[in-house]
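Below: one structure, written as structure tokens.
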Amino acid sequence: MKVMLVTNKSALTEKYGSNRDAVLNLLVELNNHHKKTDPESTLYCIDDRIDMENIAPPVRDNNKAQTKAAVDAIFDKKNPDCVVLVGAGDIVAFQELKDPTDDAKVIQSDLPYACAYPCSDDVRHFLDPKRIVTRIPDVVNDAAEGKLVLENAVQQAMSPGKTAPEYAEEPWAVCTQRREPALKGLLHLVYGANKSYATCPHNGPCWDTVTSYRRKVHAHVLHGGVRSTFLVGESNGDPSVRYEAVHVGMLDAALEDGVILLERACHGAQLFDPQKCGKGKGLPLANVYLKRKAWAVIGSTTSNYSHETSMFFADYLVGYFGKYLLEPGTSIGKAFLKAREQTIRDWGGPWDKFKLKILAGTVVYGDASKVVIEKMDKKEGAMADEKQAASHVVPVEAKDARMPEAVRNQIRVVLKTKGFDPEAVVTASRLAALEEGAEESNRPGEKWQYYIQQRDKWLLITTEDNNVTAVEEIHEG
């Protein structure tokens, strides 16, 4: 994938001073990583005369119109697969679009960069995004924290992808009591099955950091605020009473690498100066996730709760992103582009002011070229091709009705990755307890084995504590 990193050297100098070169060296390292897959991948400092020679006039003072023109020129003349903007809005300007709802004066947006239309403040000019553009932000007006966020984000962008079973476990999903149906629908869209979740109230905010924060997929359908460092829930009985559900201080030491955040709260992806918090203290939520080595964050820089139809638009935009991102071999940027296209097809017309605002404000942070779940290798791909040509699932023993849904979903993912029919485990699987005298149900602490046969190939899948722990391929003869 040909990746163009875009940043602004003058703005980096103003923010980082003597540490500017250290930051640029990080980006050079990331660019060298991208060059391994495509030698034409390039780092552009769009304010640098040499970098922009024969492309576009250098950007001055982080001007948003000039920045849009520079990115347009890079797409037109260099034909990249994707562009990754590096820095918060004080490094690479957000485009400012008029808020069609009049709730706010402007919406900070990266949507125009994904469209060929020239600089404009009208979101209606940007309803057909065809380019892949994401952003790796640092922290607004905070060099110390900003450098740390960039260091960790770059490190994670260069790390190898993970396997499907690592993302098949239950997510950490939280919603307000009033929005339970929305979260259920979002999770079903992502996983193709029901998943567990919590509400606030009554389950939070005293979350178990071992079992909650350290899961790979996080989903929030909560309330956020302008320059706020926490998210809140509300009850069905009295919507005017709010309950703290998530605070950045809870997350800062608890996350693990590879997390995907599906954020539906208002202002959940807003970047702001930590010294000017509207509510609470600390870094913006998205910065905390990237600092703690998350791989992808999708959310809104503005409010995205309005009437029912517009909320569906936001739910599906975020949900489709999660769905496509968990498909093996799909990059963060490609998942975002597909999610935008699918949501616009399903929910775009007729456009109202609320859907326009949601489309404008939704951004993705992370390296656009990063693949979360690695694609099958050649051997596994050959198995998948053979399955498509002539697959035959041999029934073994249909006892999987006793299987917990979490285990069933993990095994579906393994089967798909291995080129088997992902529904074979539902219709023809044999479940055997390894514990002597164990009953035919999955109790915590027990190990189980599942055998799935397809033609002359078998999979032996072992689970413990309702999680896949081993996968073994067995070939007859």
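Quick note: the sequence shown, position 390, residue 377 per our numbering, numbers continuous.
The beta-carbon is built from N, C-alpha and C at its ideal position, and this holds for glycine as well.
query                                                                                                       : result
Endpoints, the beta strand (DSSP E) within which M(-9) is located                                           : V(-10) to T(-6)
First through last residue of the alpha helix (DSSP H) which encompasses T216                               : Looking at the DSSP string, T216 is not in any alpha helix (DSSP H), and its letter there is neither H nor E.
Pick from V284, V401, W282 and Q257 that is closest to P271, judged by C-alpha positions                    : Q257
CA-to-CA distance, P409 to R399, given in whole angstroms                                                   : 5 Å
Pair within 8 Å by beta-carbon distance, F62 and V70                                                        : yes
Continuous alpha helix (DSSP H) assignments of at least 4 residues falling wholly in the stretch 154 to 213 : 167 to 178
heavy atom of the ligand ADP below 7 Å from D108 C-beta                                                     : By its list of ligands, the structure shown contains no ligand whatsoever, and the ligand ADP lies outside what it can speak to.
Whole-Å CB distance - S183 paired with E153, under 8 Å assumed                                              : Not a contact, Cβ separation roughly 17 Å.
Whole-angstrom C-beta distance between T404 and A206, which should lie under 8 Å                            : Their Cβ separation, rounded to whole angstroms, is 22 Å, which puts A206 and T404 out of contact at 8 Å.
Assigned exposure category for D77 - 16 Cβ within 10 Å defines buried                                       : buried
Local conformation of A91 per DSSP, three classes                                                           : coil
Beta-carbon separation (whole angstroms), A155 vs N396, contact threshold 8 Å                               : 6 Å
Element boundaries [beta strand (DSSP E), containing H254]                                                  : Segment: none, H254 is in no beta strand (DSSP E) and carries neither H nor E.
C-beta contact flag for Y276 and P124 at 8 Å                                                                : no
Sufficient close CB pairs (3 or more, under 8 Å) joining the stretch 315 to 329 to the stretch 106 to 125   : yes
Cβ shell of G74 (< 6 Å), same chain only, five flanking positions each side left out                        : T(-6) and D125
Whether D260 touches N128 by CB criterion (8 Å)                                                             : yes
Burial state of D48 (16 or more Cβ within 10 Å)                                                             : exposed
Extent of the continuous beta strand (DSSP E) to which V228 belongs                                         : Here V228 belongs to no beta strand (DSSP E), and DSSP marks it neither H nor E.
Range covered by the alpha helix (DSSP H) that runs through A130                                            : A130 to A144
Length of the line joining the Cα atoms of L(-1) and A457                                                   : 47 Å
Beta carbon of E221 nearer than 8 Å to that of R165                                                         : yes
Under 8 Å between C-beta atoms of N6 and K134                                                               : yes
For E250, the nearest candidate out of Y303, C106, K85 and T29 (CA to CA)                                   : Y303
Meets three-Cβ-pair contact criterion under 8 Å: the stretch 164 to 178 and the stretch 299 to 313          : yes
The beta strand (DSSP E) enclosing L248, as first and last residue numbers                                  : I247 to E250
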